[in-house]
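Colleague: Take a look at the following structure, please.
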Amino acid sequence: LSAGEVLKNLNKFYKRKEIQRLGAENGLDARLFHQAFISFRKYIMESSSVSADLHIILNDICCGAGKVCLLGHVDDLFPFFLRHAKQIFPMLDCMDDLRKISDLRLPPNWYPDARAIQRKIIFHAGPTNSGKTYHAIQRFLSAKSGIYCGPLKLLAHEIFQKSNDANVPCDLVTGEERVYANEDARQAPHIACTIEMCSTNTPYEVAVIDEIQMIRDPARGWAWTRALLGLCAEEIHVCGEPAAIDLVTELMYTTGEEVEVRNYKRLTPLTVLDYALESLDNLRPGDCVVCFSKNDIYSVSRQIEARGLECAVIYGSLPPGTKLEQAKKFNDPDDPCKILVATDAIGMGLNLCIKRIIFNSIVKPTINEKGEKEIDSITTSQALQIAGRAGRYGSSFKQGEVTTMHHDDLMQLKDILSEPVRPVKAAGLHPTPEQIEMFAYHLPDATLSNLIDIFVSLSQVDGLYFVCNIDDFKFLADMIQHIPLNLRSRYVFCTAPLNRKEPFVCTTLLKFARQFSRNEPLTFDWLCRHTKWPLAAPKNIKELVHLEAVHDVFDLYLWLSYRFMDMFPDAVLVRDIQKKLDDIIQVGVCNITKLIRASQSAAAPGTAEIMSEDFPLSRTKRDTRAVSDHHGTRSREALSIAVEVPGERRTKNLKAYRSATRQEDLKSHGHGSLANRLLREGLLTQEMLRQLESEWQDQHRNGRYGLRSKRNDQNSSKETGKKKK
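If you count the sequence shown from 1, position 286 lands on 286 in full-length UniProt numbering, and the numbers rise without skipping.
Below is the structure:
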C-alpha cells in the first residue's frame, strides 16, 4: 500500500460529516473524536502490519475499487476506527451507564427525605444592614429545633454564641471544629454550622440559610444548592439579596413548594459622598480603607501609622481569632485605634462600627466560572456588600458614608452603586462521592482527576444549574495521584479546604497523604517536627505570612481529624497550639508596620518597596517617595494591578491607572525609561536593577579603557601608514 494514498484517504475519512456524526452517537465528542483519530492514524501509518480485514478495506479504497462510490468506501473504516477508539477510551463501552450516572438534570430527586415533607420557604430579601437575618434568627431561636447555615466560621460562631447567651442550647459545627453546648457531648436541638457541614438527614423545625446569593459562586455554590433542596425542615428561612428571589422561586417550583418573600429596607441611611479622600491626611475616626490586595493593605497601613495614627488590619488569610481581635480593637471606644484597613473580608461575618468606607481601588482580581483569573471593576453586588458596612444599625454611627481614595474613581463607583444587581441565573452543582465511585466501578483504571473530567464532560444540567469549578479538586487529585489510597479516602483528601497558592500547605497535605497511606498515625509530635513548633513572633512580613500558612496547616489537620479520627488522633493538642499560634499572629498584626519596615530594610536599605513571592497579586512595588502622597498611593495601586496578569482583559479604569502611573514616572524621572517600563510590567525588580547597574558600571570601566587602547592602536597604525607613504 502507498503510504501517501493511505494518509490522503484517512484524512478524507476524518473530514466526513457523516463520520463525525456517527462518532458523536457513540460517545465521541469533538475533542475525543480528534484524539481517537490521531491515535488511529498513527497506528495505521506506523504499524509494520495491520489485520487482514483492515488491510483489505484500505486496499479497496486506495486501489479505487468501486470508483463511482469511492467516498462511500472511506466510511467502511468506521467500525475499525470505533474499535480502536474503545481501546484508548474504555468508557465508550459503558457510555449509556455513565450518562445516567452523570445526569444532573433533577437534583431535587437526590433528597428523598426532603421531598417526603411539605416545607414552607420564606425568603428574607434586603440589602446589608436591613435586619433580614435578624428576623430569621429570631424564628430560629423560638423553634424547638433548628439549624443555621452560614458561609463563614465567624458567622456560625456568632450565632452559636448568640443562641447560647439566649439560653437556647446550640452546638457549633464547622469543618475543623465541634463544640457541644451540653457537657456530656449530647447533640443539642439547635446547630450553627458552616453551610458545607449541614446534615440533609436530620429533621428540624426551622432552618436558616444565610447569604443565598452565593448559590451562584463558581466554587462553593453547590453547598447552597444542597442546603436549599435537601434540608429536612418544616420552615426554610432564606436570607440574601433580592437578586436571588427569581431563581429560588423557580427551584422551589420544581419541588412543588411555594416561596413567601419578605422585603426589608436598610435601617440607616447610606450616602455616597461627592468628594474623594484624595490624601490619607484627611482620615477621620471611624474610617475604613478597603483594599483588594495584601500588598496594598501593607502599604496603606504603613502610611497611616507614619502620620501618627493607629490602625487595625483585617484581611482574608488572617485566622478568625485575629480578625475578631482586630475588630474588637477598632470597635472599642476607649482604644486609640480609630482607623481600619481591610480587604473585602469585612463584607461578611464581622460587626464593625464604621462611619465611612473608602475604596482604595475599585479594581479587583477575580476567578471566573472557568477558573481563570480576571482583573475587573468590582460588581454592584460586591460594592453594595462592602459599602453597606458603614453606619451599622445599633452602632455609634447613625448613618454611613462611602467614597473613594482617588477622585477619578468616584464617578465610576457612583455608576456601579446605581446599577441594579444582576439577577442570579443558576445554582451550582458538584459530583458526589457516590457518583464518582460508580464511575470508578465502570472505569477502574482511570485516575480520580480523569474520572472528574469524564464526569463533567458527560454531565447534563438544565438551565437552572451549572457544574461548579473543580480545578482545585483536580489540582489536589493530580498532586496525590502517585500515593496509594482507596478511592473514598482520595476523594476526601481532594476536598480538603486549602489555598493551592500556599506551597507549604500543599506540601503538608502531600505528607499527610503519604503518612496516611502507610497506615501510620499523624501524631502531635510528628506535626510539631514538621511545622518546627514552637514558633517565635514574626520579625518581618515573610515570617508573618509563614505563620498564617502554619495556622492553615493546623486547620487542615483538624479538618482531617473529623474524617479520619484514628489516623489524626491529637486534635485536642493541635487545637491548643493553634490558639497559641493565633496569639502570636495577633502580636505580629499589631506590629505590622514594624514588620513592613524590617522587610524593606532586609530587601534593600533605603528603599520603600515590599517584594515577596508570597504575594502573587502584586508582585513588585516601586519606590514612590518622590511623588506626593496621594499620587504615591495611586502609583503603588496602579502598579500592583498592572503586573498581575499580563495579556488579560483590562477595564477602562485599569487603563486610567496605568496612564496615571506613566505620568507620575515622567514627572519623577523626567522620561519613560526602559527600566521604568520593565518595573511597571513586573519583568524587573529593584534588586535585579541594582545588579544590572553594578555590572554595567564594571563593563563601562573596562570598556572605556579597552576603547582607549583600541583607539591608540588605530592612531599608531595610521601614523605608521603615513610614514610609509
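Yeah, the Cβ is synthetic: ideal placement off N, Cα and C, and Gly gets one too.
By the three-class DSSP mapping on this structure, what secondary structure does Val261 have?
Modeller: strand
Colleague: So, Gly391 versus Thr508, is the Cβ gap smaller than 8 Å?
Modeller: Their beta carbons are not under 8 Å apart, which means Gly391 does not touch Thr508 by this criterion.
Colleague: Start and end of the alpha helix (DSSP H) containing Gly23?
Modeller: Lys17 to Glu25
Colleague: For Phe473, report the span of its alpha helix (DSSP H) as first-last.
Modeller: Asp471 to Met479
Colleague: Decide if Gln399 is buried, meaning its Cβ has at least 16 other Cβ atoms within 10 Å, or exposed.
Modeller: exposed
Colleague: What is the rounded straight-line gap between the Cα of Gln326 and the Cα of His546?
Modeller: 20 Å
Colleague: For Ala477, collect the residues of the same chain with a Cβ closer than 6 Å to its Cβ; drop the 5 residues on either side in sequence, then sort them by chain order.
Modeller: The residues are Leu448, Ser449 and Cys494.
Colleague: With a CB to CB cut of under 8 Å and the five nearest residues on each side skipped, what residues in its chain are close to Asp445?
Modeller: Pro90
Colleague: Please report the residue range of the alpha helix (DSSP H) in which Arg488 lies.
Modeller: Leu487 to Cys494
Colleague: Specify, as a first and last residue, the run of the alpha helix (DSSP H) that Thr225 falls within.
Modeller: Gly221 to Gly230
Colleague: Please determine, among Val467, Tyr441 and Ile480, the residue with the shortest C-alpha to C-alpha distance to Asp453.
Modeller: Relative to Asp453, the option among Val467, Tyr441 and Ile480 whose CA is nearest is Val467.
Colleague: In angstroms, rounded to a whole number, what distance separates the CA positions of Trp110 and Asp344?
Modeller: 35 Å
Colleague: Does DSSP classify Cys198 as helix, strand or coil?
Modeller: coil
Colleague: Could you tell me how far apart the beta carbons of Ala428 and Gly221 are, in whole angstroms, since I believe they sit closer than 8 Å?
Modeller: The displayed chain sequence assigns Gly, not Ala, to residue 428. Contact between Gly428 and Gly221 holds: CB atoms are separated by about 2 Å, below the 8 Å threshold.
Colleague: In angstroms with no decimal places, state the Cα-to-Cα distance between Leu522 and Phe473.
Modeller: Leu522 and Phe473: Cα-Cα distance of roughly 23 Å.
Colleague: Do you know whose CA, among Arg139, Glu434 and Ala306, lies nearest Asp281's CA?
Modeller: Asp281 has its Cα closest to that of Ala306, out of Arg139, Glu434 and Ala306.
Colleague: Which residues bound the alpha helix (DSSP H) around Arg119?
Modeller: Where Arg119 is concerned, there is no enclosing alpha helix (DSSP H), given that its DSSP letter is neither H nor E.
Colleague: Can you tell me whether Pro319 is buried or exposed? The criterion is at least 16 other CB atoms within 10 Å of its CB, across all chains shown.
Modeller: buried
Colleague: Closer than 8 Å is the cut-off here; do at least three beta carbon pairs connect the segment 401 to 413 with the segment 427 to 441?
Modeller: no
Colleague: Counting Cβ pairs closer than 8 Å, one from the segment 373 to 391 and one from the segment 413 to 425, do we hit at least three?
Modeller: yes
Colleague: State buried or exposed for Ala166, treating a residue as buried only when at least 16 other CB atoms are found within 10 Å of its CB.
Modeller: exposed
Colleague: Counting pairs of Cβ atoms below 8 Å between the segment 125 to 145 and the segment 481 to 490, do you hit three or more?
Modeller: no
Colleague: Tell me Cys288's beta-bridge partners as DSSP assigns them.
Modeller: Leu340 and Ile357
Colleague: Can you give me the start and stop residues for the beta strand (DSSP E) that Val173 sits inside?
Modeller: Cys170 to Val173
Colleague: Roughly how many whole angstroms lie between the Cα atoms of Lys542 and Tyr204?
Modeller: 47 Å
Colleague: Check Ala571 in the structure and name its three-state DSSP category.
Modeller: helix
Colleague: Identify whether residue 730 lies in helix, strand or coil by the three-state DSSP scheme.
Modeller: Only positions 1 to 725 of the chain appear in this structure, which leaves residue 730 out of reach.
Colleague: In angstroms with no decimal places, state the Cα-to-Cα distance between Phe78 and Leu22.
Modeller: Cα to Cα, the separation comes out at about 8 Å.
Colleague: Rounded to a whole number of angstroms, what is the C-alpha to C-alpha distance between Glu693 and Lys364?
Modeller: 35 Å
Colleague: Got a sec? Which residues, its chain only, sit under 6 Å from Glu235 by beta carbon, not counting five neighbours each side?
Modeller: Lys120 and Val206
Colleague: Based on the DSSP output, what are the partners of Ile209 in its beta bridges?
Modeller: Cys149 and Val238
Colleague: In this structure, does DSSP put Phe123 in helix, strand or coil?
Modeller: strand
Colleague: Where do the ends of the beta strand (DSSP E) carrying Val424 lie?
Modeller: It is not in any beta strand (DSSP E) - Val424 carries neither H nor E in the DSSP assignment.
Colleague: From His430 to Ala185, what distance separates their C-alpha atoms?
Modeller: 32 Å
Colleague: Can you name, in chain order, every residue of its own chain whose Cβ lies under 6 Å from the Cβ of Ser517, other than the five neighbours on each side?
Modeller: Ile483, Pro484 and Leu485
Colleague: Hey, how far is the Cα of Gln697 from the Cα of Arg597?
Modeller: 30 Å
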